[in-house]
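For the protein sequence lines, the chains are A and B, in the order given.
Counting the first sequence from 1 gives a position; the working numbering is that position plus 33.
Counting the second sequence from 1 gives a position; the working numbering is that position plus 259.
Accompanying notes for the structure given below.
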Amino acid sequence: MERRKFLGLGAGILAATMIPAGLSAQNYRETKVDVWKVKNEKDKPGVDAAIKALFGTDKVEDGKVKLKAPDIAENGAVIPVTLKAEGASRLALFQDANPESLVAVFDVPKNGIPDYSLRIKLQKTGTVVAVAEIDGKLYKASKVVKVTIGGCGG
Amino acid sequence: MRIKAKEKDGITTAKVMAKHPMMSYAEAKKKGKEANFITYVIAKVGDEVVYEASTSQFLSKNPYLKFKFKGENKGKELVITWTDLSGKTKTDKKKIK
């Protein structure tokens, strides 16, 4: 009886944490605290681990996402990046050059158009990875950005 | 915050520049200051959320964000709020042209 009660409670918590994205505003800083802490180790980038921590899977196909970033950034403190993925409900940006992997997560609202630009910092040359969730599947695009002056106090 | 928002053929393009040092942990350690950066940005037109971003220390200083959304929004107000690591929030609005 005790065990049954316990299991029931667990199912309830699970249901509560599985509220689908897009229905309401979500601050991933509060809902997915650990994903921001996934580190890029030397010889072991944290990008795949961060993707798994955020989306719950690391099954990612190439394609459907467009990632625009410069080939060479003279100033690593200001690197313009554009992510575009038609029909995406979620977009996320990662890299392997800074201490942690995750840069930003976007929940695309009902009338939002997943064509977002931002400016990021890279400590050194690295690979920038954009991931989009489209109809429950993950797609990615990557780009190497060569940094001549680092931008993260490094 | 500097906000520009313009609608054309049912698509609004918004460009936002927030004023914030975006001090990463590495930068803060070097300078002997506290790390602080914008962690969450939300944009609304009326009650409708039109843009949402959870952000990190790796956005550039005075972060620039550009985004698009659908709808007949000309003349309506775009309201943007950011929250930073210290818990401070700032809200600004701009009429969509």
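Beta carbons are placed, not taken as given, at the ideal position from N, Cα and C, and that holds for glycine.
Check	Outcome
Tell me the rounded alpha-carbon separation between I339(B) and A82(A).	32 Å
Can you check the stretch 95-127 of chain A for any beta strand (DSSP E) of at least 3 residues that lies completely inside it and give the ranges in chain order?	99-101, 112-117
Counting pairs of beta carbons, one from the stretch 168-178 of chain A and one from the stretch 84-104 of chain A, are three or more of them closer than 8 Å?	yes
Report the residue from V180(A), K65(A), N60(A), L116(A) whose alpha carbon sits nearest the alpha carbon of A125(A).	L116(A)
When DSSP builds the beta bridges, which residues end up paired with L28(A)?	Nothing in the structure corresponds to residue 28(A), since chain A is present only between 34 and 187.
Would you please state the rounded distance, in angstroms, between the beta carbons of D351(B) and N295(B)? I believe it to be under 8 Å.	Actually they do not touch by this definition, with Cβ atoms about 19 Å apart.
Across which residues does DSSP place N255(B) in a beta bridge pair?	Outside the shown range of chain B, which is 260 to 356, sits residue 255(B), and nothing can be said about it.
According to the Cβ coordinates, are E133(A) and K75(A) closer than 8 Å?	no
Quick check: the Cα distance between T50(A) and Y299(B), rounded to an integer number of angstroms?	Residue placement at T50(A) is poorly supported in this model, since its pLDDT is 47, which falls under 50; the coordinates are not used for a value here.
Would you please state the rounded distance, in angstroms, between the beta carbons of N108(A) and I182(A)? I believe it to be under 8 Å.	6 Å
So that I know if they touch, is there some Cβ in chain B lying closer than 8 Å to that of A54(A)?	Annotation note: pLDDT 42 at A54(A) (below 50); position unreliable, coordinate value reported separately. Chain B contact via Cβ: absent.
List, in order along the chain, the chain B residues whose C-beta lies closer than 8 Å to that of S122(A)?	Residues of chain B passing the Cβ test: none, with the nearest at roughly 11 Å.
Enumerate in chain order the residues of its own chain whose CB-to-CB distance from E166(A) is below 7 Å, with the five nearest sequence positions on each side excluded.	F88, A121, S122, R123
Once the 5 residues before and after K278(B) are set aside, which same chain residues still bring their CB inside 6 Å of it?	N321
By DSSP's criteria, S150(A) is part of a beta bridge. Which residues make up the other side?	T115(A), K325(B)
When the distance is taken between beta carbons, is I112(A) closer than 8 Å to V164(A)?	no
Along the stretch 136-151 of chain A, where does the CB come closer than 9 Å to a CB of chain B? Name the residues.	V136, A137, V138, F139, D140, V141, P142, K143, N144, G145, I146, P147, D148, Y149, S150, L151
Going by the CB atoms, is the gap between S313(B) and N60(A) shorter than 8 Å?	yes
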